[in-house]
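Under our numbering, the first residue of the sequence shown carries the number 153, and numbering increases by one thereafter.
Just so it is clear, CB atoms sit at the ideal spot from N, CA and C, and this is done for glycine as well.
The structure appears below as structure tokens.
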Amino acid sequence: MQVAIIGAGPRGLAVAERLINLAEDDTKLDIQIFDPYAIGGRVWDPFILQNQQFLMNTVIDQITLFNDDSIENGGKPLPGPNLRQWLAGQAATFLAAHPEFDSFYQQEVARLKQPGDFASRGMMGVYAAWFFEWLTQRVRQNQTLTFTQQAVTQVTPIGQKFQLTLADGMQILSDQVVMALGHSDDYLSEEEAGFKTFAAENQLKYVAPMHPAEADLSAFDENDTIIVRGLGLSFFDYLSALTVGKGGQFVRNATGELDYIPSGHEPHVIAGSRGGFPLHARGVNEKDTSELYVPKFFTLPALDALRAAGGGHLQYDDFEKLVVKELTYKYILNQLAIMPNRLPYDQAEALRQALLTSDDLMATAKAFGLDDIPAFDIDLIRNPARDLDAAVDYATWFKTYLRADIADAKLGNKHAPFAGTFDIMRDIRDRIRYVIEHEYFDADEYEKFLRQFKPFDVSVSVGPPLERIEQLLALIEAGIFEVTAPQIHVDTEGQQFVARDVRQQEFRGNALIEARLGATDIAISRNPVIENLRQQGLLVQPTRTRADGSTYQLGAATFDRQTFEVIDQNGNKVPHLYIYGITLEGLKWFGTVIPRPGVNTVILREAAWIAQRILAYA
153 MQVAIIGAGP
163 RGLAVAERLI
173 NLAEDDTKLD
183 IQIFDPYAIG
193 GRVWDPFILQ
203 NQQFLMNTVI
213 DQITLFNDDS
223 IENGGKPLPG
233 PNLRQWLAGQ
243 AATFLAAHPE
253 FDSFYQQEVA
263 RLKQPGDFAS
273 RGMMGVYAAW
283 FFEWLTQRVR
293 QNQTLTFTQQ
303 AVTQVTPIGQ
313 KFQLTLADGM
323 QILSDQVVMA
333 LGHSDDYLSE
343 EEAGFKTFAA
353 ENQLKYVAPM
363 HPAEADLSAF
373 DENDTIIVRG
383 LGLSFFDYLS
393 ALTVGKGGQF
403 VRNATGELDY
413 IPSGHEPHVI
423 AGSRGGFPLH
433 ARGVNEKDTS
443 ELYVPKFFTL
453 PALDALRAAG
463 GGHLQYDDFE
473 KLVVKELTYK
483 YILNQLAIMP
493 NRLPYDQAEA
503 LRQALLTSDD
513 LMATAKAFGL
523 DDIPAFDIDL
533 IRNPARDLDA
543 AVDYATWFKT
553 YLRADIADAK
563 LGNKHAPFAG
573 TFDIMRDIRD
583 RIRYVIEHEY
593 FDADEYEKFL
603 RQFKPFDVSV
613 SVGPPLERIE
623 QLLALIEAGI
633 FEVTAPQIHV
643 DTEGQQFVAR
653 DVRQQEFRGN
663 ALIEARLGAT
673 DIAISRNPVI
683 ENLRQQGLLV
693 QPTRTRADGS
703 TYQLGAATFD
713 RQTFEVIDQN
723 GNKVPHLYIY
733 GITLEGLKWF
743 GTVIPRPGVN
753 TVILREAAWI
763 AQRILAYA
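In structure tokens:
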């Protein structure tokens, strides 16, 4: 049986691993993996120079490519080292035997010692390359496993098989096709295309949404003033590339804070976004490899009860209130943890018990004498400048805000009042995935979920390493970076880009960088294989109908939830054409994660399901 896997990232490798290790000895398998990037895929490609500089946002102890016994219906596991264990064991030997990898990685191996360290993106790609080599050694006599570093541009059904066309025109046949696709580049929006044209006509500089590691920033220097639109993870990549990438360096001063020593070649950066705030820093890691928070309120029975009370559909406001209640509970316990002598032991225990049956957690905390704890205010978290007086200097206040975020994150991802509370959002994701996949929301309420919950979750749970927030503060102090107030809007005037924010501040520049990846929307994707399948009617977007009869489309591709096979424009399942990962975002929830050991991680779980489905036809 011939199996083609499109994508050599963690998802594609996970499917290959399960196919090889779960197949019977007499099962003939020819597995071919295709990707225009190196093993590891686009995000982790170790041969992209900037991936040496850009950091992962998950600690090395919580990253794996190996199946383990936590995986639901995963089949017999074949354990192996997580990233931390591999760095301490096999990494140095592997790199010594593979001189194609830059010497930077040997130096990084020597530097990464602690479970809470963050590796470079490229190091994840090196780990993936080692994993692939390990996997080739598992291949039995009647199996083959190959990797072709080329893009697949077309997938065409021919009878019971599929014809794959590669970028160089070569065509191959396959019995089964797995599309393990990552983020795609998109066609430019009307606004983005207009900015690109304006920049070309006025000798300005414009960087459209893309993977920052692939952006050519060589032309930017001290003569440029750049407006950066976006304060998410991509922003922090650009932060590094436009500073350290220009020869500057960060050093710790006598007080332990970061200072920035410029090279003199850095552009001036003005950064902003609609929300107006960077992602919260990840708390210093205190958790064991597979340690998960167990919710007290955000439970499946509680969600089912709310669904039943809503006549079969969960109301978004009820969902958010339940999430907030869980977060508030953890927040109060963490406030208590950082001041352990605030209450005698017996009163502290009584408070913990009282909170479990309380309808108003903050009121209960106040009744026990914790009346000076600030409320856990989700609206204020969404907009920290909500109550800021117009007369207050925004830049000064913003630096205070960053210092508070840094100080909180240093208290750890279990015990910090905010960072420790926000971290549990990672631990309850599978429960949220269950809610989405089992359609607890109707179309109207799901639209609210996407509009309100998604940006909140992103802002608090997927932030960068603490060091990146420290670097932003140091750059602001050095006068190299500015951050605007919320609701940034960019126009063109004269021969400049002009940004204005909600406080009517105005900023002008000769360059604009869109600091974000493309949207997860197959309708605008420039990925050739997605376009090809869409044109054939094999990839279609699901439509949701609101109560008033109007409709909206999700960006995902329609698929069979049980088998992961594509469903075409006629509503028919396309046998043996599988899809999973980011392309399903919207029908599924938060697939942009790295596999974590010991927690039934979604990528490995779904890979196992797909692999076992494929093997059933062998």
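Nonlocal neighbours in the same chain, by C-beta distance under 8 Å from residue i, ignoring five residues either side
{"i": "R426", "result": "P638, Q639 and I640"}
{"i": "L771", "result": "Nothing can be reported for residue 771, as the shown portion of the chain is limited to 153 through 770."}
{"i": "K477", "result": "F449, F450 and L513"}
{"i": "P536", "result": "F429 and Y553"}
{"i": "N234", "result": "I212, D213, Q214, I215, T216, F218, T441 and P749"}
{"i": "L669", "result": "H335, P361, M362, H363 and S386"}
{"i": "K740", "result": "R585, I588, E589 and A708"}
{"i": "P267", "result": "V211, I212, D213, R236, N437 and T441"}
Cross-strand partners of residue i (DSSP beta bridge)
{"i": "K357", "result": "A663"}
{"i": "T695", "result": "Q705"}
{"i": "Q323", "result": "T317"}
{"i": "A547", "result": "A547 pairs with nothing; no bridge assigned."}
{"i": "F402", "result": "Y412"}
{"i": "G733", "result": "L333"}
{"i": "E717", "result": "Y730"}
{"i": "P309", "result": "F314"}
{"i": "S825", "result": "Here the chain comprises residues numbered 153 to 770, so residue 825 is not present and cannot be evaluated."}
{"i": "A156", "result": "Q184 and V329"}
{"i": "S677", "result": "D338"}
Own chain, CB closer than 7 Å to residue i, minus 5 neighbours either side, in chain order
{"i": "L340", "result": "K348 and A360"}
{"i": "A568", "result": "G435, N486, D560 and A561"}
{"i": "K398", "result": "S415, H417 and E418"}
{"i": "V307", "result": "F314, L316, V329, V681, N684 and L685"}
{"i": "R534", "result": "F608"}
{"i": "D373", "result": "H417 and P419"}
{"i": "D220", "result": "P229, P231, P749 and G750"}
Nearest residue (CA-CA) to residue i, options the options
{"i": "S611", "options": "D511, G416 and L385", "result": "L385"}
{"i": "G95", "options": "L664, I558, A240 and D582", "result": "The question about residue 95 has no answer, for the chain in this structure spans 153 to 770."}
{"i": "T298", "options": "S415, V155, I310 and V396", "result": "V155"}
{"i": "L325", "options": "A332, Y189 and L316", "result": "L316"}
{"i": "L207", "options": "P617, I674 and R757", "result": "P617"}
{"i": "G227", "options": "P453, T300 and I172", "result": "I172"}
{"i": "T744", "options": "S392, D582 and D531", "result": "D582"}
{"i": "L627", "options": "T296, G382, Y412 and Y257", "result": "Y412"}
{"i": "W238", "options": "G277, Y546, I200 and F256", "result": "G277"}
{"i": "T377", "options": "Y546, F716, E634 and G400", "result": "E634"}
{"i": "T715", "options": "N722, S702 and Y732", "result": "Y732"}
{"i": "R292", "options": "Y586, I183, A489 and D653", "result": "I183"}
{"i": "T703", "options": "F528, A332, I185 and E599", "result": "E599"}
{"i": "N752", "options": "I223, A542 and A244", "result": "I223"}
{"i": "F605", "options": "P492, L488, Y483 and D469", "result": "D469"}
Cβ-based neighbour list, residue i, same chain, cut-off 6 Å, excluding 5 preceding and 5 following
{"i": "G161", "result": "G193 and G334"}
{"i": "T94", "result": "This structure cannot settle anything about residue 94, because the visible part of the chain is limited to 153 through 770."}
{"i": "T644", "result": "F350"}
{"i": "G274", "result": "P198, N203 and Q204"}
{"i": "Y189", "result": "D197"}
{"i": "L625", "result": "L554"}
{"i": "E438", "result": "G564, N565 and K566"}
{"i": "F570", "result": "D560"}
Three-state class that DSSP yields for residue i in the structure shown
{"i": "E418", "result": "coil"}
{"i": "Y390", "result": "helix"}
{"i": "A517", "result": "helix"}
{"i": "E366", "result": "helix"}
{"i": "K725", "result": "strand"}
{"i": "S613", "result": "helix"}
{"i": "L181", "result": "strand"}
{"i": "R381", "result": "strand"}
{"i": "R652", "result": "strand"}
{"i": "K740", "result": "strand"}
{"i": "Q259", "result": "helix"}
{"i": "T288", "result": "helix"}
{"i": "V475", "result": "helix"}
{"i": "T451", "result": "coil"}
{"i": "N174", "result": "The amino acid occupying residue 174 in the given sequence is Leu; Asn does not appear at that position. The answer is helix: DSSP assigns L174 an H, G or I state."}
Counting beta carbon pairs with one atom in the segment 460-476 and one in the segment 548-559, are three or more of them shorter than 8 Å? no
Count Cβ pairs between the segment 396-410 and the segment 437-451 that sit closer than 8 Å; are there 3 or more? no
Contact between the segment 696-712 and the segment 592-600 is defined here as three or more beta-carbon pairs at a separation below 8 Å; is this criterion met? yes
Is the segment 195-203 touching the segment 361-371, taking contact as three or more C-beta pairs under 8 Å? yes
Does the structure place the segment 726-733 close enough to the segment 750-770 that three or more beta carbon pairs sit under 8 Å? yes
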